[in-house]
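Notes for the one structure printed next.
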Amino acid sequence: MKFQIEDVTVYFPYDHIYPEQYAYMVELKRALDAKGHCLLEMPTGTGKTIALLSLITSYTLSKPSNPIKLLYCTRTVHEMEKTLAELKLLHKYQIQHLGPAARILALGLSSRKNLCINPSVVSAENRDSVDAACRKLTASWVRALAIENPNIPSCEFFENYEKAASDAVLPPGVYTLQDLRVFGKEKGWCPYFLARHMVQFANVVVYSYQYLLDPKVAGIISKEMQRESVVVFDEAHNIDNVCIEALSVSVRKQTLEGATRNLSKMSQEIERFKATDAGRLRAEYNRLVDGLAQRGNLPLADTWLANPALPDDILKEAVPGNIRRAEHFLSVLRRLVQYLKGRLQTENVEKEGPVTFVASINAQVGIDQKMLKFCYDRLHSLMLTLEITDTDEFLHIQTICDFATLVGTYTRGFSIIIEPFDERMPHIPDPVLQLSCHDASLAIKPVFERFQSVVITSGTLSPIDLYPRLLNFNPVVSRSFTMSLTRDCICPMVLTRGSDQLPVSTKFDLRSDPGVERNYGRLLLEMVSVVPDGIVCFFVSYSYMDGIVNSWHESGILKDIMQHKLVFIETQDVVETTLALDNYRKACDCGRGAVFFSVARGKVAEGIDFDRHYGRLVIMFGVPFQYTLSRILLARLEYLRETFQIKEGDFLTFDALRQAAQCVGRVIRSKADYGMMIFADKRYSRHDKRSKLPGWILSHLRDAHLNLSTDMAVHIAREFLRKMAQPYDKTGGSGKKTLLSQEDLEKMGNGNFSDMLF
Amino acid sequence: MTDGQVIKRARYKSSVKDFGVPGVLKMTRERFFFMPNDPKSSARLNVEFRLVKGHKFTKEGSNKQALLNLTVDQGGNYIFEFDTFSDRDACREYVATAIAVSGEAGRAGSERSAAPLQDEQLSHAEMERRIRLLQEDSELQKLHKQLVIGGVLSEAEFWATRKKLLDENASRKSKQQVGLRNDMFHVKPSSDGQSNKVTFNLTPEIIHQIFAEKPAVRQAFLNFVPSKMTEKEFWTKYSRAEYLHSTKNVVVAAAEAAEDDELAVFLKQDDMAASEARRKIRRVDPTLDMEADEGDDYTHLPDHGLSCDGSKDVTDSPYELYRRSLLQELNRHAAVVLEGRAIDVLEFASRVPLGGLALLCCKALLIALPVGLGLYFWAMSCSKGNLGCILGGVHILDVLLFPTHRCGVGDTRSVAEALARSAWTGYLGWQEIDDLQAPRDLAVAPLCIKDPRDYFDSQQANAIKSLGDTLAGAKQMKCSLSTAEAYGLLRDYISEIKTSG
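So the protein lines, in turn, are chains X and H. For the first sequence, position 435 matches number 435 in UniProt numbering, and the numbering has no gaps at all. For the second sequence, position 313 matches number 313 in UniProt numbering, and the numbering has no gaps at all.
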């Protein structure tokens, strides 16, 4: 369908539209008009993504003189694929209606691991080894050698791509990662470098958060994006965590040992070069004297993870004299590693700020702040000079230099925490030194400054006023939409008591109580016999899930559950989890039915949808609080209290509830879908916890459902499922309209829209 | 029977005990003749089929005669003995059709319960299939009674429009499989509490499951038995490994494994399963592929980012190899169950004659067999008692390749619904929001029920029956779910038809 929002003609690929999608588009358009940032919360299952894509592409189409680029950030690769699939649908529709004028180039960008088509490279185990394997074939010096010596292998796809030079372009269209690989195979061009190159010209780029937020990656990939871009962070409820993770580093014993090995390897290399090619080292020295930490524009294949510090904070000065010579630099690093080793031997937990830490380094091993700050760039330059291609071997020293650069750059918003052992396992020595960032606004600041509009959106952004404070920005639009439902297709419940009427909770004192475990088991057992198709269970942590599943297994509850449905479990092994998910879907498809056990904050909770028959019920066992004794968390809480005046308790509850809401929100995909949500913990019935849930869940949480026991919950579930099986009028019938057609939209114009909705 | 007559060697007998007169039996459309070999014999017959009321025959068996008994209207009967059962059956079928034809001609319009035939000559199998179809489907039977017996349609005409039903029905029957049991057997060791002995009970089904879920054990069985050890030793060793696992003492397990190579096979993680997983992951739906994320995740460079929620494992590396979690086993089990099985093991095992004789020869076969993915062979059956006394017979089951999805739904209608749904999920997938778009045309023919009330009654009865059945296993449960689901979907259709006018 096609409709007007003020001066923009919106092309929407469906015959109908939800009123909240329309309202969402209106708000989004205002933000684009104002060239400002916005914060939009809209329930899951109302088609956020398609509304976003459709408005932004239509906006560009109706203002051809001033085209804006869309940078769409997703958290995971599979969300990237999903987004691109929706975009494909939209693009097809726009082409149909506008003809070739609507052509755009849209592509997903990922790492070499996901894009490489060279079989000898992509077979490597993880991302780093794929990167290294690629460098071994494509680094400029390797290729130079390969020209002289045909025995040195090179990558034919990369060579073809280079040969095609400026002809190597992607024709307009929408390219998923799979499409890119197919295109690359057809043409014989390397899809990774082609995509990297085309990113500058594409109208829509879909990639991971980190490509914008993590300075190490953003520095090489998102450096040249134009200001006239709209950046969208989808499913952004965890954006603050991504930000602080991007600037955090931890150092362990193994890291230091590896770094020591790396250093001796490098010094061997230096000796070798001194003997054979002393000119090279001298050339590097001269370049550093001239103040060029970087060699200017590197060939695409030589680029590397960029400086871990934010672009604004990187000094544009010459590298300090005392680390210009390669040997001197190595000895500085050796001293640094030695110092860190000494610090790790501590018996007590230590916590300090970056300033004291740097002062102590200076006092003890004579490395000043400026030298620390240049560590990363200096290392990078040295590794290029030494022509090191097996970069995966050198990750340890790279980590040390990341750490040094960050600690030398920032004086506030960070703390250094040294723990001799894990709090939960005090008998196992596992010393770790962590540089943790507390201020989420640091990493996202350059994004807000560089780009015209930044859209932060998710199904769970409650309380919506907290995010601007955490991320330190001023949104021009900040709205939370409710969901207009044709029928009550979601049924949230708070279960406080088990079948024996005793309270259930994952609170610390009740957590390992066998009674609670049994009650949770009974709850699931009752539910699997009532609910059809898929059921998803979320637990508060891996260790808790492991414990409870074992205890269910021993008590035979698991066996009873398996009489009704198959059981699949998320484990820490990604391959296994992916296969388990795939099988889970198969089991739901064929009607056998299945239960999926997962972990809040885990990978599955982050990005897998359990819509339609893949999830008719979600059970959230417990409140997913973070591990509150963690020093890092405590330090962050302290920082938040001091800088933003956010109370510790409030933040913890907010964080736990957004995770819980995120978990349960995955069951709904559209208004024709339906699902139940059980919050199984007595603490959810308290007002201070419950009120942090997003509005669209709260509005369906009836007072009668706030304090249930297992038998009552089963009864409600039966009733609900029976009700959902009845026929209903999809358009909402006589009351409020929940599905608008083109005529409806035309009829109401722009004037009286808000009356209709709310 | 194409030439319209049958000629077989037979003996004509006046009674069953009688030795009978050898001769030739010839049957044509209207009548049958018996010509004795001895031309002087008086036992010459020439009887019209019109007079024949019915026929009886003996069951096929090793020590029985192949007899055919034709009863005549007047009360007499003719007994023929044939040399082989196949001769007899040919005649019997011919007689059956001939009686029907002549009966139809003779008493046109009169009611008869047997399916009347006209010009079409049906094989026995075909008849049986039709009868079974009528028995299964009361609706169809009613219709058949009304139309064919009421004389509106001929038998052939009636079935001509339902050819598909006949074919489909036949193919469906052959494809329907009994799935694997949902629940995981855990070999639970039992100890008598007095001595230091622990007893494991292995049944054929458990062993089958072990082989399916742990390809490494299966491989080990093929490698070790019987060249290196006997079956008893093999399973004792396996049980020992299981016991070590159940104690969760990794250090002891590692120590034991170091001493005994064969034991180590069971204690180590299953490499074959792991490589199979790596192979499978390439075919996974890209929207589920979490492995791809790993490749894109720069914050989790080793030692970057924050470690939260104790997600890091304590890895004391030398023992890591011997750590195996229940969670993994559960996933593996569910995957195997979902893939289904080739044949019903229990049923098969009950038919297996126990005895050591078959053991050796079959073992040779077993080893010679190539081991493929879809190859389900079945190895042995142990006694239900102590592991100690294995009376195993080794048998090889069919080599079968099955599609991984299998609808275990009893009702054809639900099958159609399930198909419709899977077609939807397949095509639309996650790409479209279903209720924003007009409903799509389904690839399958829409469900058409003549009398909805009848249909819902039967559905409800089904649901109640399977709900009430407390002993209902996984399959029963599944049926009730899918019918409920089908019911919901049906409601959706009706409402869609309503809304679209």
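Even for Gly, the Cβ is constructed at its ideal location relative to N, Cα and C.
Asked, Found
"Does the beta carbon of proline 172 of chain X come closer than 8 Å to any beta carbon on chain H?", "no"
"Output yes or no for whether 8 Å exceeds the beta carbon distance between valine 217 of chain X and isoleucine 400 of chain X.", "no"
"Identify the continuous alpha helix (DSSP H) that holds serine 331 of chain X and give its terminal residues.", "326-344"
"If you draw a straight line from the C-alpha of valine 349 of chain X to the C-alpha of arginine 181 of chain H, how long is it?", "52 Å"
"List, from N- to C-terminal side, the alpha helix (DSSP H) runs of 4 residues or more that fit wholly inside the region 403-447 of chain X.", "none"
"Just how far apart, CA to CA, sit asparagine 69 of chain H and histidine 333 of chain H?", "57 Å"
"Would you mind giving the Cβ-Cβ distance between leucine 550 of chain X and leucine 326 of chain H, rounded to the nearest angstrom? I have them listed as a contact below 8 Å.", "In the sequence as presented, leucine is not what sits at residue 550 of chain X; that position holds asparagine. Contact holds; Cβ gap of about 6 Å."
"Mind checking glutamate 666 of chain X: buried by the 16 CB within 10 Å criterion, or exposed?", "It should be noted that the sequence gives arginine, not glutamate, for residue 666 of chain X. With 16 or more other Cβ atoms within 10 Å, it is buried."
"Listing by chain order, which chain H residues have their CB less than 7 Å from the CB of threonine 578 of chain X?", "Ile281, Val284, Leu288, Asp289, Met290 and Glu291"
"In chain order, which alpha helix (DSSP H) runs of at least 4 residues are fully inside the region 83-111 of chain X?", "none"
"I'd like the span of the beta strand (DSSP E) that includes glycine 23 of chain H, first residue to last.", "21-27"
"With DSSP as the reference, label alanine 318 of chain X as helix, strand or coil.", "coil"
"Would you call the CB atoms of lysine 26 of chain H and phenylalanine 33 of chain H closer than 8 Å?", "yes"
"Below 8 Å between beta carbons: does that hold for histidine 564 of chain X and valine 528 of chain X?", "yes"
"Under 8 Å by Cβ, that's how I've got valine 121 of chain X and alanine 139 of chain X pegged, so tell me the actual separation to the nearest angstrom.", "Not a contact, Cβ separation roughly 13 Å."
"Could you check the C-alpha separation between leucine 617 of chain X and methionine 198 of chain X for me, to the nearest Å?", "43 Å"
"Compute every distance between the C-beta of threonine 506 of chain X and the non-hydrogen atoms of the ligand NAD, then say whether any falls below 7 Å.", "This structure lacks the ligand NAD; in fact it carries no ligand of any kind."
"In chain order, what residues of the same chain lie with their CB nearer than 8 Å to the CB of lysine 312 of chain H, ignoring the 5 residues before and after it?", "Here lysine 312 of chain H scores only 44 on pLDDT, less than 50, and its place in the model should not be relied on; the value that follows carries that caveat. Within the same chain, lysine 312 of chain H has no close Cβ partners at all."
"Rounded to whole angstroms, what's the CA-CA distance from phenylalanine 568 of chain X to methionine 545 of chain X? Just pull it up for me.", "12 Å"
"Would you tell me roughly how many angstroms separate the C-alpha atoms of valine 575 of chain X and asparagine 331 of chain H, rounded to the nearest one?", "12 Å"
"Would you be able to state if there are at least three C-beta pairs under 8 Å between the region 309-320 of chain X and the region 353-360 of chain X?", "no"
"Do aspartate 234 of chain X and tyrosine 72 of chain X come within 8 Å of each other at the CB atom, strictly closer than that value?", "yes"
"Taking the alpha helix (DSSP H) that serine 360 of chain X falls in, what are its first and last residues?", "354-365"
"Would valine 604 of chain X and leucine 581 of chain X qualify as a contact pair, given that the criterion is a beta-carbon distance under 8 Å?", "yes"
"Consider the Cβ of glutamine 96 of chain X: report whether some Cβ of chain H lies at a distance smaller than 8 Å.", "no"
"So, is glutamine 364 of chain X buried or exposed, given that buried needs 16 or more other C-beta atoms within 10 angstroms?", "exposed"
"Quick one: give me the first and last residue of the alpha helix (DSSP H) that isoleucine 221 of chain X is part of.", "215-221"
"8 Å is my cut-off, CB to CB: does alanine 203 of chain X come that close to chain H?", "Residue 203 of chain X is actually asparagine in this sequence, not alanine. Asparagine 203 of chain X does not count as touching chain H."
"With distances taken Cα to Cα, identify the nearest neighbour of methionine 748 of chain X among X/Pro13, X/Tyr11 and X/Ala23.", "X/Ala23"
"Leaving aside the five residues before and after leucine 698 of chain X along the sequence, list all residues of the same chain whose C-beta is less than 6 Å from its C-beta, in chain order.", "none"
"At a Cβ threshold of 8 Å, is lysine 559 of chain X touching chain H?", "yes"
"If you reduce the DSSP assignment to three classes, tell me which class residue 511 of chain H lands in.", "Limits of chain H in this structure are 1 at one end and 501 at the other, which puts residue 511 of chain H out of reach."
"Between leucine 566 of chain X and chain H, is the shortest Cβ-Cβ distance under 8 Å, so that the two count as touching?", "yes"
"In the structure shown, what three-state DSSP assignment does serine 480 of chain H receive?", "A caution first: serine 480 of chain H carries a pLDDT of 48, below 50, which makes its placement in the model unreliable, though a value can still be read off. Here serine 480 of chain H sits in helix by DSSP."
"When DSSP labels each residue in this structure, what does asparagine 69 of chain H get in the three-state scheme?", "strand"
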